[in-house]
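Residue numbers (the working numbering): 33 to 129.
Backbone N, C-alpha and C define an ideal beta-carbon position, used for all residues, glycine too.
First up is the structure itself, then whatever we jot down about it.
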């Protein structure tokens with residue numbers, strides 16, 4: 033069994049000066065990621081209005097499938113025109129970890 037995680041650091045548009053506006057950008061991204069059948073949630077930079085961190089996790093029988101799913105998630109987030117993807121941190125865990 034393999035598990036993989038990715039954390040996406042996002043820069044939100046300048047009009048996201050309230051938590052309500054921030055949520056209007058983050059919620060659709062999290063919903064789209066969940067359709068890829070991963071666990072996804074906003075997990076960091078909760079008090080910062082112009083930034084967001086979204087974490088995803090996936091479990092699979094093969095490491096290749098974990099990488100494939102995380103690649104798909106990264107492409108999905110990077111393709112969102114309303115946010116800027118600043119960085120992605122990934123981890124892959126195997127049965128021996």
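If we ignore side chains and look at the alpha-carbon of each, how far apart do residue i and residue j end up?
{"i": "residue 100", "j": "residue 81", "result": "31 Å"}
{"i": "residue 121", "j": "residue 85", "result": "11 Å"}
{"i": "residue 35", "j": "residue 61", "result": "21 Å"}
{"i": "residue 74", "j": "residue 55", "result": "9 Å"}
{"i": "residue 92", "j": "residue 127", "result": "11 Å"}
{"i": "residue 96", "j": "residue 53", "result": "37 Å"}
{"i": "residue 76", "j": "residue 129", "result": "25 Å"}
Residue range of the beta strand (DSSP E) that residue i falls in?
{"i": "residue 120", "result": "116 to 125"}
Just checking my contact of residue i with residue j at CB under 8 Å: how many whole Å lie between their CB atoms?
{"i": "residue 118", "j": "residue 42", "result": "7 Å"}
{"i": "residue 72", "j": "residue 98", "result": "15 Å between Cβ atoms; not a contact."}
{"i": "residue 63", "j": "residue 105", "result": "At roughly 13 Å, the Cβ-Cβ gap does not stay under 8 Å, so residue 63 and residue 105 are not in contact."}
{"i": "residue 115", "j": "residue 44", "result": "6 Å"}
{"i": "residue 68", "j": "residue 124", "result": "Going by Cβ atoms, the distance from residue 68 to residue 124 rounds to 17 Å, so no, they are not a contact pair."}
{"i": "residue 90", "j": "residue 102", "result": "7 Å"}
Considering only residues of the stretch 35 to 113, which uninterrupted alpha helix (DSSP H) runs meet the minimum length of 4 residues and lie entirely inside it, listed in chain order? 51 to 66, 95 to 110
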